[in-house]
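Student: Residue 37 is where the sequence shown starts when you use this note's numbering, and the numbers rise one by one after that.
Quick one: the structure is below, and I'll ask about it shortly.
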Amino acid sequence: MKKSAFILAIISLLVGAFGAIALTEAGQMINMPREWVFSYFEYRVTLNVFIVALAVVAIYLLLKGSLLGKKWIGLYGIAIVACLFVINIFAPEFWLRAQQYGAEFMSVEQANQKLSNDSDVFVLEINGDARAYPRDWMQLPHIVGDKIGGQETVMTYCALSNLPVAFNPKMNGQETDFRVIAQVHNNLIFTDRNSGELIQQVTGTAEYSQTQLQQYPVQRMTWQAFKSLYPKGQVFNYKPNAFDQLTLKLFDTALIPHYEGVAMFPTLNEPDPRVKSGEQVWGVTIDGKSVAVTQSHFDKQQQFVAHLPAQDVLFVQYPEFDTVAAYLVDDSRNWQEVSVDPYGKYDGGQLTRANLYSGMPWMIWSHWFPESEIYQ
């Protein structure tokens, strides 16, 4: 009985500890394989039941045989509860609380009292209806929902990838409930509580069904530019508690070397020498082909067309608004010489925005899109 009790207790602790490591940053610190993280999450409910069942039997046997003092049994029970808390509750419910539903927004006038002109904001505009999501206010919730221009939306942000991506939250026509889980390869993964799916943010792909989320184009700019371009827009309003404020300070400190090119987690491919690791790029990926642009290229050419196999893309830098935009174009014009305003309008009509990834460190962009063409 003694041997069985201790074996059950050890197994339950090992399985619980493995899950707590896999579904937190600790797993990425030791470069835990992506497949392990996703597999543990897929079977986490069964594993939760397994852990609890083993713990209950182990505690029963330990008490019945007086094999351990109540103090040690109590500590064992606390350890099991702690593992289950970290696996199921800590990130999605306590630490990184997504706001897909119930997010608060405020007017430009109200936000102007809280933001500085150089604040970094992510902009989502649909049918003339615009929202700004300040980067600093997106670092913890990661996911913010709203209805914009008549469309249901979620803005997501991964601080490690420095990447804002907006999606239509419906998957296969069904409502979702997105929550943050962890990150792999320095990029956010989140789950849909309704379907049990896991989604990799940078690809917008559901892991198990391979469903592709519909993206909405996001443009990144300063607060000064947003309030000039969209004076009637709305701004996401985040209200951090004391624990959030401490976390944000730790985030900001830890991200300094990361953005300089020393990856916070050792899970990336070997550095691609074409560009410095920490240099930020603007990228577009279409039908499995991708292109990235560096600031040095924009210094030479503020407007140019990149030719991807399935689609030409017009990149335009607007220095007066501290922003870059990308548009889908055909070969009907010499687009390098066409005047296009920041709304995508030109003398012949309205261009469709491309899904532009703005600000990703090259080391992370090149990990996810290793065959990317580069304009530099």
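Even for Gly, the Cβ is constructed at its ideal location relative to N, Cα and C.
(1) Residues in the same chain with beta-carbon distance under 7 Å from I47, minus the five sequence neighbours each way, listed in chain order, please.
(2) Based on Cα-Cα distance, which residue from Q219, A115, Q210 and N273 lies nearest to T174?
(3) Rank A134, A218, P378 and F121 by C-alpha distance to the C-alpha of M257 and give the top, closest one.
(4) Please confirm whether G240 and F203 have their CB atoms less than 8 Å apart.
(5) Helix or strand or just coil, what does DSSP make of D323?
(6) Using the Cα positions of V144 and I109, report the straight-line distance between them to the nearest angstrom.
(7) Which class does K263 belong to by DSSP, given the choice of helix, strand or coil?
(8) Could you say if the region 119-128 and the region 48-61 meet the contact criterion of at least three C-beta pairs nearer than 8 Å?
(9) When DSSP builds the beta bridges, which residues end up paired with A94?
(10) Over what stretch of residues does the alpha helix (DSSP H) that includes I46 continue unbroken?
(11) Out of H221, Q386 and Q270, point me to the one whose CA is closest to I66's CA.
(12) Please go through the same chain and pick out, in chain order, the residues whose beta-carbon is closer than 6 Å to the beta-carbon of V360, but skip the five residues on each side of it.
(13) CB of E407 to nearest heavy atom of the ligand SAH: below 7 Å?
(14) Is it true that the region 148-159 meets the region 262-280, where meeting means three or more beta-carbon pairs spaced less than 8 Å apart?
(15) Taking Cβ positions, are M207 and T247 nearer each other than 8 Å?
(16) Name the two residues that bound the continuous beta strand (DSSP E) containing A166.
(17) Which of helix, strand or coil does DSSP assign to M174?
(18) Output yes or no for whether 8 Å exceeds the beta carbon distance between V201 and V254.
(19) CB P406 to CB G314, shorter than 8 Å?
(20) Look at A362 and Y411 and say whether their C-beta atoms are less than 8 Å apart.
(21) Could you tell me the boundaries of the alpha helix (DSSP H) in which H294 lies?
(22) Would you mind stating whether D366 and D348 have Cβ atoms separated by less than 8 Å?
(23) Does the contact criterion of 3 or more C-beta pairs under 8 Å hold for the region 331-345 versus the region 368-377?
(24) Check the DSSP bridge columns for T388 and list the partner residues they point to.
(25) If you check the beta carbons only, do V159 and A168 fall under 8 Å apart?
(26) Candidates A218, L120 and P309: which alpha carbon is nearest L49's?
(27) I'd like to confirm the pairing. Which residues does DSSP put opposite T330 in its beta bridges?
(28) Chain C beta carbons: is any one of them nearer than 8 Å to that of R389?
(29) Select from Q149, A56 and F74 the residue whose C-alpha is nearest the C-alpha of V271.
(30) Helix, strand or coil, according to DSSP, for D348 in the structure here?
(31) Measure the C-alpha to C-alpha separation of K100 and L132 and round it to an integer number of angstroms.
(32) Mind listing, in chain order, the continuous alpha helix (DSSP H) runs of no fewer than 4 residues lying wholly within the region 83-150?
(33) Please return the same chain residues whose Cβ sits closer than 7 Å to the Cβ of L286, not counting the five positions on each side in sequence.
(34) Please classify V117 as buried or exposed, where buried requires at least 16 neighbouring CB atoms within 10 angstroms.
(35) Identify the residues that DSSP records as bridge partners of R215: which are they?
(36) Please report the straight-line C-alpha distance between V327 and Q281, rounded to a whole angstrom.
Tutor: A quick look at the data gives this:
(1) Locating residue 47 in the sequence shown gives position 11, where the first residue counts as 1. Cβ within range, chain order: L90.
(2) Looking up residue 174 in the sequence shown gives position 138. A small fix is needed here, since residue 174 is Met in this sequence, not Thr. Among Q219, A115, Q210 and N273, the Cα nearest to that of M174 belongs to N273.
(3) Counted from its first residue, the sequence shown places residue 257 at position 221. Nearest C-alpha to M257: P378.
(4) By one-based count along the sequence shown, residue 240 stands at place 204. By one-based count along the sequence shown, residue 203 stands at place 167. The answer is yes: Cβ separation under 8 Å.
(5) As a first step, residue 323 is located in the sequence shown; it is residue number 287 there, counting from the start. If DSSP states are grouped into helix, strand and coil, D323 belongs with coil.
(6) Taking the first residue of the sequence shown as position 1, residue 144 is located at position 108. Taking the first residue of the sequence shown as position 1, residue 109 is located at position 73. Approximately 56 Å between the Cα atoms of the pair.
(7) Working through the sequence shown from its first residue, we reach residue 263 at position 227. Three-state result, K263: helix.
(8) yes
(9) One-based indexing of the sequence shown puts residue 94 at position 58. Looking at the DSSP assignment, A94 forms no beta bridge with any residue, so it has no partner.
(10) Here the question's residue 46 lines up with position 10 in the sequence shown. K38 to A58 is the span of the alpha helix (DSSP H), which, as asked, contains I46.
(11) Walking along the sequence shown from the start, residue 66 turns up at place 30. Ranking the options by Cα distance to I66, first place goes to H221.
(12) Along the sequence shown, read from residue 1 onward, the residue named residue 360 stands at position 324. Hits under 6 Å: W318 and Q353.
(13) Inclusion of the ligand SAH in the displayed structure is not the case, the ligand content being empty and no account of it being possible.
(14) yes
(15) As a position in the sequence shown, residue 207 is number 171, starting the count at 1. As a position in the sequence shown, residue 247 is number 211, starting the count at 1. Yes; because the gap between Cβ atoms is below 8 Å, this pair is in contact.
(16) Translated into the one-based positions of the sequence shown, residue 166 becomes position 130. Its beta strand (DSSP E) spans residues D165 to P170.
(17) As a position in the sequence shown, residue 174 is number 138, starting the count at 1. Here M174 sits in helix by DSSP.
(18) Mapped onto the sequence shown, residue 201 falls at position 165. Mapped onto the sequence shown, residue 254 falls at position 218. In this structure, V254 lies closer than 8 Å to V201 by Cβ.
(19) As a first step, residue 406 must be located in the sequence shown, where it is residue number 370. As a first step, residue 314 must be located in the sequence shown, where it is residue number 278. No, the Cβ-Cβ distance between P406 and G314 is not below 8 Å.
(20) As a position in the sequence shown, residue 362 is number 326, starting the count at 1. As a position in the sequence shown, residue 411 is number 375, starting the count at 1. No, these two residues do not count as a Cβ contact at 8 Å.
(21) Position 258 of the sequence shown holds residue 294. A278 to Y295 is the extent of the alpha helix (DSSP H) around H294.
(22) Along the sequence shown, one-based indexing puts residue 366 at 330. Along the sequence shown, one-based indexing puts residue 348 at 312. Yes; because the gap between Cβ atoms is below 8 Å, this pair is in contact.
(23) yes
(24) Along the sequence shown, one-based indexing puts residue 388 at 352. L364, per the DSSP bridge assignment.
(25) Stepping through the sequence shown from its first residue, residue 159 is reached at position 123. Stepping through the sequence shown from its first residue, residue 168 is reached at position 132. Cβ atoms of V159 and A168: closer than 8 Å.
(26) Within the sequence shown, the letter at position 13 stands for residue 49. Checked all of A218, L120 and P309; the closest Cα to L49 is L120.
(27) Counting from 1 along the sequence shown, the entry for residue 330 is found at position 294. Paired residue(s): V317.
(28) Absent here is chain C; the protein component of the structure consists of one chain.
(29) On the sequence shown, position 235 is the one that residue 271 refers to. Of Q149, A56 and F74, the residue nearest in Cα terms is Q149.
(30) Taking the first residue of the sequence shown as 1, we reach residue 348 at position 312. Strand at D348.
(31) For this step, residue 100 is matched to residue 64 along the sequence shown. For this step, residue 132 is matched to residue 96 along the sequence shown. Taking the straight line from one Cα to the other gives about 41 Å.
(32) 106-121 and 144-147
(33) Position 250 of the sequence shown, counted from the first residue, corresponds to residue 286. Around L286: no qualifying Cβ.
(34) As a working mapping, residue 117 is identified with position 81 in the sequence shown. With fewer than 16 other Cβ atoms within 10 Å, it is exposed.
(35) Along the sequence shown, one-based indexing puts residue 215 at 179. DSSP, once it has assigned bridges, lists T227 as partnering R215.
(36) Numbered from its first residue, the sequence shown carries residue 327 at position 291. Numbered from its first residue, the sequence shown carries residue 281 at position 245. So the two alpha carbons sit approximately 37 Å from each other.
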